[in-house]
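> Going by the UniProt record's numbering, the sequence shown opens with residue 1, and the numbers climb by one from there.
No residue lacks a Cβ here, since even glycine has one placed at the ideal position from N, Cα and C.
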Amino acid sequence: VNLKITFFSKMEALLDFSQPFNYPLFAQVVEAYQQTKDYSLKQQAADVLRQFQDSPQSSQLCMNILSQEHSTQTPMVRFFGFSLLETFIRRNWYIIPTEQQQELCSYIMSFASQTLSVDDVVRRKYLTIFTLIALHTYPSSYSTFLSDVLSMRSTPLDRINSVTILTSFFEDFRVRDELLSGQKQAIHKQLSSEISKILSYLLDLLRDACAQKDMFLLCLLMKLLIAVVSFCDNPIKVDQLLPFIDSLLEYCLQILSFGSQEAYFLSLQALGHIYATLRSQPDTLVLKLSMFFYTVWDVISQSYKPKVEACTAGSSHTPPGVDPGLSPVSYSIVLSPPIHASHGNIDQQPTLTGEALFSLSFFLRNVVNSCLDQVEKLASNSIPPDSIDVNICLRQVASKRIGSEKLLDLPLFKYRSALQLLMAILVFQKTQFDIVDTQLIEFFSSLAKKAQSCNTSNPAFKRMELYIDIFTAVQRFVIVNMPPPIEVLVYVDEYGNVLKRELEDSEKLNMFSIMSKAIEATTRAIKTSVAIKDLLSDLSKQFSVLAVNSIAWSLPSVARSIKSPDTLIISTINHLVDFSSILVSMEHKICIASGIVYICSQMPLFVDTKESIFLVILNKMLYFTGFPNEHLQEMSVRCFALLINNVKGSAFFESAGFRSFLRNIPQIAIQIPSSLIIVLYESISRRISDASSTFMDYVGPLFEMLDGALSQWPPTSIEVLSTISTLYSIFSGICEGVAGKTNGEVFASSYSHFMGRTLKLYAFIHEYILSPSTDPTLYNILCTVRKSISNFLEMLIKASTHNHIRVWFLNTSPGTNVALPDSNSVRSDTLVLLKAYKQLLDPASTAQTGKLDVQFSQFAYALFERIVVLSSDADKDDLINIYFNEVLAPILKCLATSGFAMHADLADVFIESICHIFTICNAYIRRQGSEFLHVFLEFVPPIIRAVSESNLFHKHYSLCFSALTTLADMLMMREPLEINILSVLFVDTIRLLNKSIVSSEYSLLSAWWALLQRTNEPDMETKVFYCISPSITPTMIGYFRNGFLERNEAIIRDLFVVLRTLLWF
């Protein structure tokens, strides 16, 4: 044990790059990694070697390792040496001088003779390096690369080496992104002219390998064929491919019969690529390819056959293609060894691995995509004269009459079998691997769209009859396997677990989009929604979460795809509504409620026009808010708001039924969060008639409730505080709904006598929160009430007219500066609250900053904005000065000390406030003197840096850019500023613009530059560039030299600043 510990400590010495490289120790570590007796030692050696390879210094030791005496090098030591050499090339090729590049190429070529002749891991790694060098040097300095590789055919290993190099070269050229664009263009141009040579070489090797049945080489050749054919992506390249097509097809067909599963699947993939490449060729070639497909299918069907069975009792007599949808069918795959195959050879047995399924699917999809019309034409021409049409032909086979088995050899049934196999693959992948193959679904979706048009002159060939059972099966499969839509915030899975959507899963969103389109395409093709009806029928017999989800998530797509969807939608909604009233399990209630809400949210206009279900649905939305699930509550409230907002006209909102309906709303509000209360009341208030009597009937009872709650002073009971919080959230929603309308004036006037009590309540709660002895439970609800009040005050300020702002806060009459009695004035209370806010912003007291009410700073800004846009009379008002000194300046100090990210919510408000002041309160700033402007400009650089350096605040980019543009225009109209102030703004603006990379936005730099030129300071350009130069650091240069820029985002950002600025200069 002690010896092992000692050796491990020695191994770690290999990672000390400050010491000379110890080659013998390196060889010992590699040997320890190779041995198999001591697993822990092997693991430790692997860890050391991994850390050694990951270090930027190690790649420069590759030549030291490879130049050692050959007798001291095991194959694995050479393998690691070449691995380090590969890393060195990838990291440093573009930063070493041309002479060193040439020397490195010569050095690598010197290993060719001794490395390529031995079949081991070292040879394979060397081939990778050889290919890598070719990618960087062909055709400029290594112009003979292709001829050198094509001449490597003396020995079997030579042929393997050449094919491996060519395949890697094509594949790496396609996927490697570190190649310079000029190099990629040069390679592309040269390769495009060499396709014929490569294919001739490929055919020569194919002929020999097929004659010898050399499966290993055949697999390599198929990979090369795939790479070359994939490269042929334009007519010039395809023209070089066409002379070889017949031979390539024959060899691929021959390989399918050899019995090697790997070669079999690679051959199918190669054929699939050939069909995909030849998609837009003349009809004669497409016809030849279509006929060849049926030949290939004969080989495939010897091993892989689809099995289609009725899965409903008593419906087995119904043949495929007849009465679609009435008899759901199951699809499976039957495996059978080829007739000529030896049962003792395991490799010849067909398999259902992922590669097998992909190869079969890839080939069949590309055949249909490329040759659909001709494949269908051959199928239609094969219909016997006595069968009249496709349907009768299908019935004859299904009846199993004497002689009907001969019909199975017709192209018609071969084509259908191929499609059925694709459907079986789709089902198998889901049942066995829990994978939904979206590529296959997209294929069927595209086929359904094409199949809706007629393209054949054969009157017996009714195109849709060929596909209708297939599309019915696809429709059913997709409906049953729909993922949850993005709008569904909560759902129940098939195991009864209540799940919520945490993040937007782009993969699932893409899957939902693909599957929705597939439902629409197949439903339009088969012209029936029987799958939904069947699910509803099953649901009436036994509740199923899967059925509810499938119905709800697919119904909007189905409804969009049939001519008269009203009956289906109403029937479905009524079924689900009935279920929602009788279910007992809360999980089942949530499941069906979520489904109903999603359906209604996707079809609000339909629901709104159906009086028979509209009120039922509105009541259900409110009923669902009582379920103990916040995500369902949010879905229900937002759906309610959507339905209300889409109601046409105002008659509904003036009806006695609606007034009765409103009386229950306050009870609903008690059960939901404040944010949803606001949404709920905002939607209602927006639609209520501007007639004051109607509106007051609506809000009057709420004022009475508030008066009763505020009368219970001091409000320290949880019940009273909860009522107050709910009422202020309700009032916030009302303010949002009536802003800018007559009812806004009515509401503000009615609320005037509550203003003073509201601010006193806020002050009382604020002081209570700051008290160190506050009960934790009471503390939490007090914070909630305080936030509700400050949010309401912000909404009220935005909804109120200038007259109310003057009376409440400026204490002057409208249109004059005459002081008024302070009966409705809350000026003094507001001043007290603004001053009290400062004590929470002391960065030295983290306990205090944790008690911040971010919403209050939004109220303060809203108040400031409304005051400064009244007139210049308000410019020197104490409220304005206190807002700057007691709110804005302390917030900046707090954020600058603790970091913007530490108080992200407060930082968001601060950034938005400052930027809006530039754009909305522009006239106010123009009227201020230089002293004010200098103070205000101190707010700007920290904001720019926060937006440009943190992804948390990148959402404010557009707002920040607009504010800076306005600021630059404003400064043009004033006396020049000092160069040190402008240069800081200039450099910070460059950092900001690097987040966008929109060239048109660089005009903002021109504006700053024009401002700098106005300073008329000598050597201005030098002084400005001096502000930029600190971004160029030795660390940055070192990282760039070593090719490690991707390891340090900050260095990349600084480098962009430098390069962008130099470019702009």
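Pick helix, strand or coil for residue 492, following the three-state DSSP scheme.
It is a strand residue.
> Please report how far the alpha carbon of residue 665 lies from the alpha carbon of residue 702, in whole angstroms.
Near 11 angstroms, if we compare the C-alpha coordinates of residue 702 and residue 665.
> Can you tell me whether DSSP reads residue 650 as helix, strand or coil?
Reduced to three states, the DSSP call for residue 650 is coil.
> Taking DSSP's pairing of strands, which residues face residue 335 in a bridge?
Paired residues: 304.
> Can you tell me the Cα-Cα spacing of residue 942 and residue 1017, whole angstroms?
Looking at the two C-alpha atoms, the distance is approximately 26 angstroms.
> Considering only the alpha carbon of each residue, which of 801, 858, 780, 1013 lies closest to residue 791?
If we check each option's Cα against that of residue 791, 858 comes out closest.
> Pick helix, strand or coil for residue 826, following the three-state DSSP scheme.
Here residue 826 sits in coil by DSSP.
> Which partner residues of residue 309 appear in the DSSP bridge assignment?
330.
> Of the choices 832, 291, 422, whose alpha-carbon is the least far from that of residue 307?
That would be 422, whose Cα lies nearest to the Cα of residue 307.
> Can you list, in chain order, the residues of its chain with a C-beta nearer than 6 angstroms to that of residue 367? Leave out the 5 residues immediately preceding and following it.
Hits under 6 angstroms: 275, 293.
> Does the segment 825-832 come close enough to the segment 752-771 to have 3 or more Cβ pairs within less than 8 angstroms?
As far as the Cβ criterion goes, the segment 825-832 touches the segment 752-771, which means the pair count is three or higher.
> What would DSSP say about residue 499, mapped onto helix, strand or coil?
The answer is strand: DSSP assigns residue 499 an E or B state.
> Return yes when the C-beta of residue 165 is under 7 angstroms from any heavy atom of the ligand GDP, and no when it is not.
As far as ligands go, the structure on display features none, and thus does not contain the ligand GDP.
> Starting from residue 435, follow the alpha helix (DSSP H) in both directions and report where the run begins and ends.
Neither: residue 435 is in no alpha helix (DSSP H) and is coded neither H nor E.
> Are residue 964 and residue 906 closer than 8 angstroms when you measure CB to CB?
Contact: no.
> Beta-carbon separation of residue 637 and residue 591 under 8 angstroms?
No. Outside cutoff.
> Rounded to a whole number of angstroms, what is the C-alpha to C-alpha distance between residue 908 and residue 959?
Their Cα atoms are separated by approximately 12 angstroms.
> Between which two residues does the alpha helix (DSSP H) harbouring residue 602 extend?
Note, residue 602: alpha helix (DSSP H), 586-602.
> Output yes or no for whether 8 angstroms exceeds the beta carbon distance between residue 584 and residue 643.
Against a cut-off of 8 angstroms, the Cβ pair of residue 643 and residue 584 comes out as no contact.
> In chain order, what residues of the same chain have a beta carbon less than 7 angstroms from the beta carbon of residue 172, not counting five sequence neighbours either side?
Here the set comprises 131, 135.
> What is the DSSP secondary structure of residue 899, counted as helix, strand or coil?
It is coil, neither helix nor strand.
> With a cut-off of 8 angstroms on the beta carbons, I'd call residue 290 and residue 371 a contact; round off their distance for me.
So it is a contact: roughly 4 angstroms between Cβ atoms.
> Would DSSP call residue 639 helix, strand or coil?
Correct three-state label for residue 639: helix.
> Could you tell me if residue 886 is buried or exposed, where buried requires 16 or more neighbouring beta carbons within 10 angstroms of its beta carbon?
Buried: at least 16 other Cβ atoms inside 10 Å.
> Tell whether a beta-carbon distance below 8 angstroms holds between residue 82 and residue 125.
Yes, Cβ-Cβ distance for residue 82 and residue 125 is below 8 angstroms.
> By DSSP, does residue 722 sit in helix, in strand, or in coil?
DSSP places residue 722 in helix when its eight states are reduced to three.
> Around the C-beta of residue 316, are 16 or more other C-beta atoms found within 10 angstroms, so that it is buried, or is it exposed?
Residue placement at residue 316 is poorly supported in this model, since its pLDDT is 34, which falls under 50; the coordinates still yield a value, given next. Result: exposed.
> At what residues does the alpha helix (DSSP H) containing residue 881 begin and finish?
Start and end: 878-882.
> Should the segment 586-603 be regarded as contacting the segment 484-499, the criterion being three or more beta carbon pairs within less than 8 angstroms?
Touching, per the Cβ criterion.
> Hey, which unbroken runs of the alpha helix (DSSP H) at 4 residues or more fall wholly within the segment 734-820?
Here the runs fully enclosed are 742-770, 776-799, 802-805.
> With H, G and I counted as helix, E and B as strand and the rest as coil, what does DSSP make of residue 1076?
The question about residue 1076 has no answer here: the residues shown for the chain are numbered 1 through 1065.
> Can you tell me whether residue 32 is buried or exposed, with buried defined as 16 or more other CB within 10 angstroms of its CB?
Answer is buried; the Cβ neighbour count reaches 16.
> Would you tell me roughly how many angstroms separate the C-alpha atoms of residue 797 and residue 805, rounded to the nearest one?
Whole-angstrom Cα-Cα distance: 7 angstroms.
> How about the segment 146-161 and the segment 180-188: do they share at least three Cβ pairs that are nearer than 8 angstroms?
No contact exists between the segment 146-161 and the segment 180-188.
> So, helix, strand or coil for residue 79, using DSSP?
Three-state DSSP puts residue 79 in a helix.
> Suppose you measure from the CA of residue 782 to the CA of residue 962; what does that come to, to the nearest Å?
Taking the straight line joining both Cα atoms gives about 38 angstroms.
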